[in-house]
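Colleague: Can you read through this structure? Questions will come right after.
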Amino acid sequence: MRLLVVEDDRDLNRQLVSALSEAGYAVDTAFDGEEGHFLGDTEPYDAVILDLGLPQMDGLSVLEQWRRDERNMPVLILTARDRWSDKVAGMDAGADDYVAKPFHMEEILARVRALLRRSAGHAKNEIEVGPLRLDAGSSRVTLDGSPIKLTAHEYRLLAYLMHHRGRVVSRTELIEHLYDQDFDRDSNTIEVFVGRLRKKIPAELIETVRGLGYCLGSRVDEA
Ligand code: CA
């Protein structure tokens, strides 16, 4: 899952990026409204964390513009405490959730998880596909109840496929949603990671759909 953080406070921006990266997300970052608007307009993010008070272009205008242009990714806004009117304006402009500053990082992580699972159509943090179970809360995957060891990239790939179980996901989509913008995007890397995953989980769980991409769990009955 790939996220965008738009926050002009450099310390806070860094803390958000580091906590979100540690939780297994690919994270892009912007420090003003214009840059943030541009990235959100051109890159396919799974969710965005958007501060409202930003230089160049304020967060509310950024959000309104995205929604006018039918950019529908989930957006979590950061508001000043006690500014209830900001929260109302933000939600009305198309925000999906808000967190008031100052906040605990755990709250941001929990709200991001909730946004991501809701936008993928899941009500719970745990997703099961056959013998596989993903716990997005702890970023862990188990196979028949035993934890499997995954690298950060393998986890991202498997988590994305599990969130979108039963659907064919193209290599391009995977590249766009698994890597931040600075990553060297070579579509062969996806094949390498899929190959590695197939050695760690029952290989038939990830089906190659010729010319289209990959599909996880299409042959597993809904749990
Ligand atoms: Ca700010």
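When we follow numbering that gives the first Met the number 0, the leftmost residue of the sequence shown carries the number 0, and every step to the right adds one.
We put the beta carbon where it would ideally sit given N, CA and C, even for glycine.
(1) Under 6 Å Cβ to Cβ from alanine 18, same chain only, skipping five residues before and after it: list those, please.
(2) Determine, using beta-carbon pairs with one atom in the region 41-60 and one in the region 107-120, whether at least three such pairs fall under 8 Å.
(3) Aspartate 134 lies in the alpha helix (DSSP H); which residues open and close that run?
(4) Could you tell me the distance, in whole angstroms, from the CA atom of aspartate 57 to the CA atom of glycine 93?
(5) Give a yes or no on whether 8 Å exceeds the smallest Cβ distance from lysine 123 to chain C.
(6) Alpha helix (DSSP H) containing lysine 100: first to last residue?
(7) Could you check whether the Cβ of aspartate 7 sits closer than 7 Å to any heavy atom belonging to ligand 1?
(8) Kindly examine ligand 1 and report whether one of its heavy atoms sits closer than 7 Å to the Cβ of leucine 59.
(9) Are the Cβ atoms of alanine 22 and leucine 108 separated by less than 8 Å?
(10) Count the CB pairs spanning the region 136-153 and the region 62-76 that are closer than 8 Å, and state whether there are at least three.
Modeller: Taking the coordinates as given:
(1) On the sequence shown, residue 18 is found 19 positions in, with the first residue counted as 1. Apart from the 5 residues on each side of it in sequence, alanine 18 sits with its Cβ closer than 6 Å to the Cβ of Met104 in its chain, given in chain order.
(2) At 8 Å Cβ cutoff, the stretches touch.
(3) Locating residue 134 in the sequence shown gives position 135, counting from the first residue. For aspartate 134, no alpha helix (DSSP H) segment is defined; the enclosing uninterrupted segment is the beta strand (DSSP E) at 131-134.
(4) Here the question's residue 57 lines up with position 58 in the sequence shown. Here the question's residue 93 lines up with position 94 in the sequence shown. Going by the C-alpha atoms only, they are around 15 Å apart.
(5) This model lacks chain C altogether, as it is built from one protein chain only.
(6) Residue 100 sits at position 101 when you count from the first residue of the sequence shown. It is not in any alpha helix (DSSP H) - lysine 100 instead sits in the beta strand (DSSP E) that spans 96-100.
(7) Here residue 7 is taken as the residue at index 8 of the sequence shown, counted from 1. Taking 7 Å as the cut-off, the C-beta of aspartate 7 counts as close to a heavy atom of ligand 1.
(8) Sequence index remark: in the sequence shown, residue 59 carries index 60 (1-based). Because no heavy atom of ligand 1 lies under 7 Å away, the Cβ of leucine 59 does not count as near it: no.
(9) Position 23 of the sequence shown holds residue 22. Position 109 of the sequence shown holds residue 108. Leucine 108 is positioned such that its CB atom lies closer than 8 Å to that of alanine 22.
(10) No: fewer than three Cβ pairs fall under 8 Å.
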